[in-house]
Amino acid sequence: MCKNLLYLVSFVLVLSLVGSASAALPAGWLNQDIGTTGGSADESGGTWTLEGDGADIWGTSDGFHFVYQFLEGDGEMTARVTDVGTGSNNWAKAGVMIRETLEPGSTHAMEIITPGSGSGIGFQWRPTTDAGSAWSGSTEPVVTPPYWVRVKRTGDLFEGFHSPDGITWEKEGDITISMVQNVYIGLARTSHAAGEVRSATFDNVSFIGNISGPVKAYNPEPADGTLLADTWVSMNWTAGYTADSHDVYFSDNLADVQAGAEGAFQGNQTTASFIVGFPGFPYPDGLDTGTTYYWRVDEVEADGTTKHQGSVWSFTVPPRKANNPIPADGGAFVDLETDLSFEPGFSAKLHTVYFGDNFDDVNNAAAGLPQGNTTFDPGTLELETTYYWRVDEFDPPATHKGDVWSFTTTIPGLGTLVAERWENIDSTDLNTLKDNVKFPNSPDVTEEITEFSWNGPDTDNYGGRISGWVYAPATGEYTFWLNCDDNGELWLSTDDDPENVALIASESGWSPLDTWGTGEEQSEPIQLQAGNRYYIEALWKEGGGGDHCQVAWQGPGIPEITIIPGNNLSKYEPVQAYGPNPGNGGSDIKQTTALNFKAGIKAASHEIYFGNDEDAVTNATASSPEYKGTMDLGSESFEPGKLEWDTTYYWRVDEVNNTNPGSPWVGKVWSFTTANFLIVDDMEAYNDLNPDEPGSNRIFLAWADGFDNPAINGSVVGYASPPFVEKTIVHGGSQSMPFEYNNSVGKSEATLTLTDLRDWTEKGVNTLTVWFRGNPGGFAEDPVGTFTITGAGTDIWGTTDEFRFAYKQLSGDGEITAHVTDVGTGSNNWAKAGVMIRDTLDPGSKHAMTVVTAGSGGGAAFQWRPNTGDSSSSLHDLTPAVSPPHWVRIVRQGDTFTGYRSPDGVTWTEQGSTTVSMAQNVYIGLCITSHAPGEARSATFDNVQTTGSVGLMWTHEAIGVTMAANAPDAMYVALNGGTKVYHDNPDAALTTNWTEWNIDLQAFGVNLTNVNTITLGLDNSSNPAAGGSGLIYFDDIRLNAPAP
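The sequence shown maps to residues 10 to 1053 in the working numbering.
This is the structure in structure tokens:
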């Protein structure tokens, strides 16, 4: 009895302590870092304190701390800045802001104050997403806190005001910016010094307008991404301001929580907290160690049906074993003076580290010295040596043996790269550097630098380049950032060959030193392999003022954005052979491949070593069986003959020049693994060389298409200009075949004539595999009465639109009604789908429409553009929030256009009305925009009805942007010009994911020991029609044997 009572009292005490934490901000307020980290916000007694880091609120991307609420429509915010703190930069900014989104490149307008000798008071804005910023301000007089600031919105007009006393106000400036109806309004703070946190204080904070708190749950505890120190948790959140109850989802399966699956649903409740991992609650036996859990709270309004889907949050209970080693497991190029570190196992009290250069010794070690900290100093390490280490965790009475990790130390020659300048070139346009007669081979200034950062004395009117090799310390995805002043580009090769570079980041304006933007300055994640080197090059063009160029990265074992250090860099001096093809570490390589490489700059000949034993190839000499002979300079290709299936081979090329005392230059050992299938065509061998150049292999010369005879064959293989192959949308490797079809002539096909692989019975292969990917159909009716329309585009908004429009023609008055059943999935909650009447099919046309948006977007909206090329206007309704399924209607009566919405198609609410002067004959129909450039999104409609003088035929068109849209024609394969084998899905061409098509070889009915040709095609020969066209990608055509 006493034990039970003690247990209950202890538990209640824990819960009361958890629930007693006070919020730092008033209800309805949110705060977050934008484009930076380290900020905070607090309010007490009407005084607001913001701590903000960040390079600036300026250029194309911002870094600052923001505390905000939501503003619907017109409104304003006023505040007195009482203190701007201390820091290193007099351009630190504090003030009031209206902002369209919480992305770093968002449009915004703000009135701010700067300290000391900064620019005093100013009105600042960014008119277009990810574009440059502008400023209206004066340094006379220089103002100091306390000082009043105000920002105001009236439609698309934004104004900034300032006042010394809050009574007498002076307008600083105004600007017209096309923003959505629902925006963010609040206080902003940036230190204008990346890595430095600076405070600002405000009071007399006030609003005018429809200000509200968030409708979704927010402020999760534990915070998203937390490492949990226990096997139970009380999850808490701040309720959305319209919430009456909460639907809670919790699971270790992310997909279940995202989908709101039944297995993840924990019930509806009225309290804003939820306990798991404790007796009497879900997961009564406790949470599992080494597991990440996901949770979501959907806020339910008092009507019981209106719900606001929450974000998915997570926390992790660490494993009992030590984890997250640094250097990363398998890492390369590790500094000789590195310290090792790790994350401790769950509840571990002591850690025993084992270290050595032999895997078995470390794995089998039984005795060691326990320590309390999670770092280990192994002393000075040896060059080019692989070390192994293990950490055992002691949690009395259990010991949890750790995994054996490894890393390899650096190689000689790392530590510098080359910075070059071409002087006396005016302007900030990078093309003036590229077009200069002295570029790229005759720089005026050359120097070596020890990290990827140049910040020398200020110099004007020059172009610069920093180039060399970057060495990947671990296998995984890396993100790169470019920071330069002024314009710049960052190029990275797929290997160590400069000819294979691709543009991965750019700077169209300039960025302050040590600033890492999230727009064009940031690359997409790029897969690199540990131990490999990659050619990298940054270009920049300086006009006047400050100047610099920096490149940073983040990836495996590099948790923070870090300027690339010298121990991962070297000068581009290829004295060794380089540019191996197949690439080092390549897999699924053809069994009859040729091994190609680039010659070192001092080579006169090449010695080739090849075999399936890595150590043997590494240590081989001219007397070893792995030695395959000498090749003259100019012959950089070796054919090893037909190779075994599924086998790893190693090769080495030593560069030789008997007149040079540095010879030979022993090459790196490269490897590749052959496929466990036969490769018909993986599309990797094709290039863009001119037909008269040695090695030319253009894809459309290998695959015979209909380019020269379009009257009977509507196919076109490859693009019209280099690169002729597809480099981004690929299944395997780095290339795929783009295949355009136009079946108005009945068929579209391309044929490859086979040379080396004609026996399709080798090793018992019995299946042909073709990988393909299509594009969605633009507009389709299936089943009858249900319409699916797919569109991309930035938005239907501002002065010009990007969307897909399925329409008929309307003469005079009329209306269209539709039930929007779904707006599909995508990245932006402002995706729009609905009904529209439009004057023309031009992007800037006058129009009126009623739409619904996805998720937490703008609900239902009546939107219009009153004059061609003018800004758009909108009337939204967020209370209650409207989302599909929902009914919409647009009505024309003369020049009056009225939008309606309905939850059931019976009870209608007027959404808005306006006057727009349109021609007698207009377009009426269905519209969809993904509100995300290049991202296709599909909406479905049913119960589509029109009244008035409306045409019979539907037509669809991409407005304002190019969008791929495929016709659902039949896909087939044929061998030796014989029987066509069709895909069993008649809509295969509409598939938007890479799809594997397996075909039994017996279905072709040909002699499989002598296959001469393979044909890929689509046809509609039974019903050829205009518009039966599209674009397909083919890749990785293979022959597979039965599973053993």
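Cβ coordinates follow ideal geometry from the N, Cα and C atoms, glycine included.
Euclidean distance between Cα positions of residue i and residue j
i	j	result
I535	P565	12 Å
Y226	V844	First, the amino acid is wrong: residue 226 is Ala here, not Tyr. Looking at the two C-alpha atoms, the distance is approximately 32 Å.
T279	H255	6 Å
V257	A268	13 Å
G853	G299	55 Å
G293	V242	The residue asked about is misnamed: residue 293 is Pro in this sequence, not Gly. Their Cα atoms are separated by approximately 11 Å.
W490	D65	17 Å
A625	D1009	41 Å
S633	N332	43 Å
Y816	T923	22 Å
L884	E919	11 Å
S753	R946	27 Å
T69	H965	35 Å
D1044	A863	34 Å
G595	K736	17 Å
P732	F748	14 Å
T301	K358	22 Å
S579	V427	8 Å
L522	C493	7 Å
Q538	G807	44 Å
V662	P583	13 Å
Simplified DSSP state of residue i, which is helix, strand or coil
i	result
G903	coil
L698	coil
G1026	strand
T888	Because the pLDDT of T888 is 44, which lies under 50, any placement of that residue in the model is unreliable, and the question is left without a value.
Q600	coil
G272	helix
V754	helix
F716	coil
A232	coil
Q538	coil
G575	helix
Q929	coil
Q1011	helix
T627	helix
P406	coil
L961	coil
Residue burial classification, residue i (beta-carbon count within 10 angstroms, cutoff 16)
i	result
I738	exposed
F290	exposed
Q929	exposed
V105	buried
Q4	As displayed, the chain neither begins before 10 nor continues past 1053, which places residue 4 out of reach and without an answer.
V793	exposed
T199	buried
Q1011	exposed
N590	buried
Beta-bridge pairing of residue i - partner residues as DSSP gives them
i	result
P379	T361
V427	E457, S476
L935	A815, V844
E352	N332
F283	M244
A311	Its beta-bridge partners do not exist; DSSP assigns none.
E616	T639, D663
A561	W490, I572
Residue span of the alpha helix (DSSP H) that contains residue i, given as start and end
i	result
L263	263-268
I570	Careful: I570 lies outside any alpha helix (DSSP H), inside the beta strand (DSSP E) at 567-572.
D370	368-373
T46	Neither: T46 is in no alpha helix (DSSP H) and is coded neither H nor E.
K772	No alpha helix (DSSP H) holds K772; DSSP gives it neither H nor E.
Residue interval of the beta strand (DSSP E) (run including residue i)
i	result
L80	73-92
L196	191-199
L442	Segment 440-443 is the alpha helix (DSSP H) holding L442; no beta strand (DSSP E) there.
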